[in-house]
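Each remark here refers to the structure printed beneath this line.
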């Protein structure tokens with residue numbers, strides 16, 4: 835008689851290579867009976883439980899992969915948006931510098947602006 839662990843190992847191997855949309859518990863049991871050369875009628879419940887466990891594990895794996903893909907997509911979008919954020923930050927810094935220059939001009943009565951204009955025109 836085959837041990838439960840041997841049955842489980844073969845059962846999983848068979849299910850990994852099977853079309854799970856058409857494979858039934860009876861097909862799995864008959865395949866195991868054929869491989870081990872024994873009648874597994876009294877193991878029907880055990881085989882059904884093991885098939886269910888295998889299917890639940892596969893569902894959990896596929897859901898986990900979907901979550902990973904969603905996380906990767908979200909990270910990819912964040913990376914795509916990041917350059918825009920850098921550009922926005924640079925534009926914001928430039929605007930702040932311009933505002934500071936304007937405030938400085940206002941405080942100095944526009945003298946700083948006149949000197950800059952004269953320097954550009956070659957007047958100094």
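Residue numbers (the working numbering): 835 to 958. Ideal placement from N, C-alpha and C gives every residue a C-beta, glycine not left out.
Grouping DSSP H, G and I as helix and E and B as strand, with all else coil, what is residue i?
{"i": "residue 891", "result": "helix"}
{"i": "residue 873", "result": "coil"}
{"i": "residue 854", "result": "coil"}
{"i": "residue 836", "result": "coil"}
{"i": "residue 898", "result": "helix"}
How many angstroms separate the CA atom of residue i from the CA atom of residue j?
{"i": "residue 869", "j": "residue 893", "result": "27 Å"}
{"i": "residue 852", "j": "residue 889", "result": "12 Å"}
{"i": "residue 891", "j": "residue 898", "result": "10 Å"}
{"i": "residue 936", "j": "residue 929", "result": "11 Å"}
{"i": "residue 850", "j": "residue 909", "result": "32 Å"}
{"i": "residue 939", "j": "residue 905", "result": "50 Å"}
{"i": "residue 861", "j": "residue 839", "result": "19 Å"}
Below 8 Å on the Cβ atoms is my contact criterion, and I expect residue i with residue j to pass it. Report the Cβ-Cβ distance as a whole number of Å.
{"i": "residue 859", "j": "residue 885", "result": "6 Å"}
{"i": "residue 845", "j": "residue 877", "result": "That belief does not hold up - the Cβ atoms of residue 845 and residue 877 are roughly 10 Å apart, past 8 Å."}
Counting only the same chain and skipping the five closest in sequence on each side, list residues whose C-beta sits under 6 Å from that of residue i.
{"i": "residue 836", "result": "870"}
Spatial neighbours of residue i within its chain, please: CB distance less than 7 Å, with the 5 preceding and 5 following residues excluded, ordered by chain position.
{"i": "residue 863", "result": "874, 878 and 881"}
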